[in-house]
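Chemist: Okay, here's the structure, questions in a sec.
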Ligand SMILES: Nc1ncc2cc(-c3cccc4ccccc34)c(N3CC[C@@H](N)C3)nc2n1
Ligand SMILES: [Ca+2]
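In the working numbering, the protein residues as written are 430 to 877.
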């Protein structure tokens, strides 16, 4: 087992990893930018090192500085958290070069899953259902037109190096196809340096259901059930829940074994998430995320498994601490992402000084927060400042408890998404579990 771990991240996820370290008796090392000098996570760690200027490219993305601090502090492993370098194959490669363990899958697996065409090809070979479409890049407009005809409109054009919804265009008729191809190729080239695009059948209003997987380095792979992430806005998740309201034991068995099969086939190690699109009874592989995700706590509260401690154990060479038959789901969990954004000005970031702060508590409430009273939220990073997670015996109790917890959550001095979440919890379509990926767009038309 490691004696010291460097946490290459900031905010709530850095504290989350440091808590797991402390429970395992492992020292933690924080790395922070000039802008995060007074951030809570730098106090929580056993040691803290400044690594550069506020902008991420000068700090949290500086692989060389992070490796230097790992060597200087004697950290045997690095936990990348999510975002920043979490799915950057370069970090894994540098770690391997310096004999430092990256807490995550091999960099070759990170790279393969980062290329959406490669990941689809691998899943197809693994026997996992994929969305009908091309399993290679398409550049010639005539070829694209033939493919779109054979798939049937509407189709969607996607950037292979994309993900999270960037570089995607839906096409409803043939005469839009060429322009859509060109614009997606230029977005892909500028955003990812790779213009490769592919075409898929467009699924109207699918549900976004993802499965948590965990694999050790001895070939054991399990899934820890499903999460529903359909309340999104511009591909930014806002509300997540576990299990999915539409899940049945039979569907969970089918999708769970597809997720495990996917992980086994690619030799996956550590924590990962297999994303599916679900549309009237059928499910299709969408993407695989090779990191711990923001919404991992809702899986933790319904299964009782500490996913981050499991990541650390597995990375140190231990076998998974639970088998598939040990994973049982109890109750229902919901997570609301508390962002320093103003829902009434199109969720524009709203950084600034927190002049009043009191987090909710009581039965079934968990707050994973990176902020505190009088903390100055810097403008340089993602606007998520904390996550409010609740557990209930069933979905109805979870919703009522979330409403109660939101009403207790006091954050003054900055605008936050709390009012938006209060409205969602009161929304009847949400309460009925009628969710799909365009829920927020339709919902906003309702409140505007
Ligand atoms: N063939 C096909 N049909 C419908 C789709 C709809 C979406 C989509 C679009 C908009 C919001 C979403 C929210 C959750 C899940 C998916 C979506 C989608 N993506 C891809 C990246 C992912 N984050 C969103 N791919 C799709 N692909
Ligand atoms: Ca993704």
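Just so you know, even glycine gets a beta-carbon here, dropped at the ideal spot from N, CA and C.
(1) Check for me: the alpha helix (DSSP H) holding residue 612 runs from which residue to which?
(2) Given a cut-off of 7 Å on the beta-carbon distance, is the pair residue 744 and residue 532 in contact?
(3) Taking a contact to mean a Cβ-Cβ separation below 7 Å, would you say residue 629 touches residue 595 in this structure?
(4) Can you name the start and end residues of the beta strand (DSSP E) that residue 714 belongs to?
(5) Is it right to say residue 679 is buried, meaning 16 or more other beta carbons lie within 10 angstroms of its own, or is it exposed?
(6) Going along the chain, which residues of its own chain have a beta-carbon closer than 6 Å to the beta-carbon of residue 876, five neighbours each way excluded?
(7) Taking the straight line between their C-alpha atoms, what separation do you get for residue 502 and residue 635?
(8) Take residue 885 as the anchor and find which of 612, 718, 619, 833 has the nearest alpha-carbon.
(9) Indicate, with yes or no, if ligand 1 has a heavy atom lying under 6 Å from the CB of residue 661.
(10) Using a 10 Å radius around the Cβ and a threshold of 16 neighbouring Cβ atoms, would you call residue 534 buried or exposed?
(11) Just to confirm the assignment: which complete alpha helix (DSSP H) runs, minimum length 4, are found wholly within the stretch 486-568?
(12) Give me the DSSP bridge partner(s) of residue 433.
(13) Taking one C-beta from the stretch 835-848 and one from the stretch 777-786 each time, how about it: are there three or more such pairs within less than 8 Å?
(14) From the DSSP output, read off the bridge partner residues of residue 841.
(15) May I ask which residues mark the beginning and end of the alpha helix (DSSP H) holding residue 847?
(16) Quick one: grab the DSSP three-state call for residue 671.
(17) Near residue 809, which residues of its chain fall below 8 Å by C-beta distance, leaving aside the five closest residues on each side in sequence?
(18) With 16 as the cutoff for other CB atoms within 10 Å, does residue 726 come out buried or exposed?
(19) At which residues does the alpha helix (DSSP H) containing residue 774 begin and terminate?
(20) Less than 7 Å separating the beta-carbons of residue 552 and residue 644?
(21) What number of angstroms, rounded off, separates the C-alpha of residue 829 from the C-alpha of residue 859?
(22) At what residues does the beta strand (DSSP E) containing residue 706 begin and finish?
(23) Tell me the DSSP bridge mates of residue 813?
(24) For residue 590, report the span of its beta strand (DSSP E) as first-last.
(25) Would you check if the distance between the CB atom of residue 864 and the CB atom of residue 850 is smaller than 7 Å?
(26) What would DSSP say about residue 461, mapped onto helix, strand or coil?
(27) Please confirm whether any heavy atom of ligand 1 lies closer than 6 Å to the CB of residue 632.
Modeler: Per the coordinate set shown:
(1) 603-621
(2) yes
(3) no
(4) 711-718
(5) exposed
(6) Residue placement at residue 876 is flagged as unreliable, the pLDDT there being 49, under the threshold of 50; a coordinate-derived value is accordingly withheld.
(7) Their Cα atoms are separated by approximately 47 Å.
(8) No answer is possible for residue 885: it lies beyond the span of the chain, which begins at 430 and ends at 877.
(9) yes
(10) buried
(11) 492-502, 518-526, 536-543, 545-555
(12) Paired residues: 456.
(13) yes
(14) 785
(15) 847-855
(16) strand
(17) 462, 464, 483, 484, 485
(18) The residue is buried, with at least 16 neighbouring Cβ atoms inside 10 Å.
(19) Residue 774 -> no alpha helix (DSSP H), and no H or E assigned at all.
(20) Judged by beta-carbon spacing, residue 644 lies beyond the 7 Å limit of residue 552, meaning their Cβ atoms are not closer than that value.
(21) 12 Å
(22) Unbroken beta strand (DSSP E) run through residue 706: 699-708.
(23) Looking at the DSSP assignment, residue 813 forms a beta bridge with 768.
(24) 584-592
(25) no
(26) In this structure, residue 461 counts as strand in the three-state DSSP scheme.
(27) yes
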